[in-house]
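> One structure is given below, represented as structure tokens, and several questions about it will come after.
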Amino acid sequence: MALLLYQAQQLHYDSATMIMRLKAKIQSLEEQMNSVSEKSSKYGQIAAEEVPKGLYCLGLHLTNEWFKNVNLQRKPRDRKHMEMKLKDNSLYHFCVFSDNILATSVVVNSTATNSKYPDKVVFHVVTDEVNYPPMKAWFSLNSFKGVTVEETLTMGRTPIKFRNPKYLSMLNHLRFYIPEVFPALKKVVFLDDDVVVRKDLSDLFSIDLNGNVNGAVETCMETFHRYHKYLNYSHPLIRSHFDPDACGWAFGMNVFDLVEWRKRNVTGIYHYWQEKNVDRTLWKLGTLPPGLLTFYGLTEALDPNWHVLGLGYTNVDSQMLEKGAVLHFNATQSRG
Numbered sequence: 013m014a015l016l017l018y019q020a021q022q023l024h025y026d027s028a029t030m031i032m033r034l035k036a037k038i039q040s041l042e043e044q045m046n047s048v049s050e051k052s053s054k055y056g057q058i059a060a061e062e063v064p065k066g067l068y069c070l071g072l073h074l075t076n077e078w079f080k081n082v083n084l085q086r087k088p089r090d091r092k093h094m095e096m097k098l099k100d101n102s103l104y105h106f107c108v109f110s111d112n113i114l115a116t117s118v119v120v121n122s123t124a125t126n127s128k129y130p131d132k133v134v135f136h137v138v139t140d141e142v143n144y145p146p147m148k149a150w151f152s153l154n155s156f157k158g159v160t161v162e163e164t165l166t167m168g169r170t171p172i173k174f175r176n177p178k179y180l181s182m183l184n185h186l187r188f189y190i191p192e193v194f195p196a197l198k199k200v201v202f203l204d205d206d207v208v209v210r211k212d213l214s215d216l217f218s219i220d221l222n223g224n225v226n227g228a229v230e231t232c233m234e235t236f237h238r239y240h241k242y243l244n245y246s247h248p249l250i251r252s253h254f255d256p257d258a259c260g261w262a263f264g265m266n267v268f269d270l271v272e273w274r275k276r277n278v279t280g281i282y283h284y285w286q287e288k289n290v291d292r293t294l295w296k297l298g299t300l301p302p303g304l305l306t307f308y309g310l311t312e313a314l315d316p317n318w319h320v321l322g323l324g325y326t327n328v329d330s331q332m333l334e335k336g337a338v339l340h341f342n343a344t345q346s347r348g
């Protein structure tokens with residue numbers, strides 16, 4: 013810029029010409045900055061999606077097995093009984109949205125291993141079309157102590173709005189459409205694919221949420237995890253609707269009352285805030301900020317022992333680990 017000013021003085025440019033050159037220079041710099049930003053986001057996405065060769069080969073092997081073995085593609089003989097279980101609200105329904113076969117298997121297996129009533133546990137595993145065949149093959153070839161596992165492909169049928177390529181996984185946003193994905197269910201426990209279950213979780217289904225929609229463990233032991241950390245309080249819409257010192261909470265192990273969800277049109281609330289954030293002035297990226305807005309005033313605090321977070325980057329107290337029902341290894345979580 014200093015060079016341009018010096019050149020203008022030497023060449024005696026008039027003000028109008030100088031302004032035009034300055035605008036052109038600024039526009040060029042902005043375009044370069046946007047280009048670098050887009051590349052950074054894309055490379056970050058590629059890095060986040062990279063997996064070790066062994067795991068990649070596992071997916072290929074399972075996909076090959078799925079298409080080669082016609083028995084895996086046939087509907088099981090007890091399909092009718094299984095379909096009844098998928099809609100039976102007297103059972104314990106869990107949902108996982110993931111494209112990671114082994115991580116999902118750990119969640120299912122650890123839940124089954126620690127369950128008092130594994131035959132009453134139903135897992136609804138939702139994945140994308142690329143990972144559906146290997147996911148289906150894996151759970152068809154392995155058993156989990158009588159736990160029912162249903163693999164579903166709903167990405168194309170669920171009306172996810174606000175598709176943003178900067179989000180690393182659209183599967184993360186299905187959590188805001190759970191009543192539409194499972195229209196027959198009244199209550200579900202949502203689990204992230206980076207958790208390990210260490211206790212029986214059946215008591216979660218009898219917890220009274222007191223008319224709320226979301227049961228979650230709060231994370232406001234430190235000011236770092238209050239609302240002002242995640243939202244832009246310089247924006248009047250945020251400032252006028254939300255207490256900056258309100259407790260944050262965590263996704264990863266949540267009890268959702270789907271009857272109250274439908275009654276209060278929670279998905280509609282999510283859409284409202286996404287529309288208001290079209291220019292990203294309310295929050296940047298991720299699923300937790302819109303979750304905090306969507307479930308504001310609709311969240312029941314659960315006992316912290318149900319969900320112990322921060323494994324992998326903080327020194328979690330050994331007593332908390334011992335008492336924890338669900339351990340969350342969310343140190344490298346960057347998908348939202």
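In this note's numbering, the protein residues as written are 13 to 348.
Just so it is clear, CB atoms sit at the ideal spot from N, CA and C, and this is done for glycine as well.
Given the structure is predicted, the values throughout are model-derived calculations rather than measurements.
1. Under three-state DSSP, which class holds H340?
2. Mind reading off the beta-carbon distance from V133 to F106? Whole number of angstroms is fine, and I expect it under 8 angstroms.
3. Which one of K99, L98, L300 and N143 has the shortest CA to CA distance from N184?
4. Return helix, strand or coil for F307, following the three-state DSSP convention.
5. Does the region 222-237 come into contact with the region 286-301, if we say contact requires no fewer than three beta-carbon pairs (one atom in each stretch) closer than 8 angstroms?
6. Over what stretch of residues does the beta strand (DSSP E) that includes T125 continue unbroken?
7. Residue ranges of each alpha helix (DSSP H) run of no fewer than 4 residues wholly in the region 197-247, ordered along the chain?
8. Measuring alpha carbon to alpha carbon, tell me which residue in N81, K97, T75 and Y104 is nearest V113.
9. Measure the beta-carbon distance from R269 to L314 and round it to whole angstroms, keeping in mind my assumption that it falls under 8 angstroms.
10. Is any heavy atom of the ligand NAP found at a distance shorter than 7 angstroms from the C-beta of N222?
11. Under a Cβ-count criterion, where at least 16 other Cβ atoms within 10 Å of its own Cβ denotes burial, should E334 be classed as buried or exposed?
12. Taking the alpha-carbon positions, what's the V320 to D215 distance?
13. Taking DSSP as the reference, what is the three-state secondary structure of N81?
14. Quick one: what's T139 bridged to in DSSP?
15. In whole angstroms, what separates the C-alpha of Q39 from that of D204?
16. Would you say V351 and V200 are within 8 angstroms of each other, going by their C-beta atoms?
17. By Cβ distance below 7 angstroms, which residues in the same chain neighbour P146 in space, the five residues on each side in sequence not counted?
18. Tell me which same chain residues have a C-beta within less than 6 angstroms of the C-beta of A149, skipping the five on either side of it?
19. Rounding to the nearest angstrom, what Cα-Cα distance links Y189 and H340 in this structure?
20. What are the residues that DSSP puts in a beta bridge with T160?
21. Nearest CA to the CA of E95: which residue from Y239, N121 and L197?
22. Would Y239 count as contacting chain C if we go by Cβ distances under 8 angstroms?
23. Give me the Cβ distance between T306 and W285, rounded to the nearest whole Å; I'm assuming they're in contact under 8 angstroms.
24. Just the Cα atoms here: how many angstroms apart are Y308 and E287?
Let me lay it out:
1. strand
2. 7 angstroms
3. Nearest option by C-alpha distance: L300.
4. coil
5. no
6. From DSSP, T125 is part of no beta strand (DSSP E) but of the alpha helix (DSSP H) over I113 to N126.
7. 239-242
8. Per the sequence shown, residue 113 should be read as Ile rather than Val. Ranking the options by Cα distance to I113, first place goes to T75.
9. The amino acid occupying residue 269 in the given sequence is Asp; Arg does not appear at that position. Between D269 and L314 the beta-carbon gap is near 13 angstroms, outside 8 angstroms, which marks them as no contact.
10. By its list of ligands, the structure shown contains no ligand whatsoever, and the ligand NAP lies outside what it can speak to.
11. exposed
12. 17 angstroms
13. coil
14. L165
15. Going by the C-alpha atoms only, they are around 43 angstroms apart.
16. Examination of residue 351 is not possible in this model, given that the chain is present from 13 through 348 alone.
17. Around P146: G71, L74, T75, W78 and I113.
18. Taken in chain order, the residues that qualify are L74, E77, W78 and L84.
19. Each residue's alpha carbon lies about 23 angstroms from the other.
20. V134
21. L197
22. Given the protein chain composition of this structure (a single chain), no chain C is represented.
23. 6 angstroms
24. 17 angstroms
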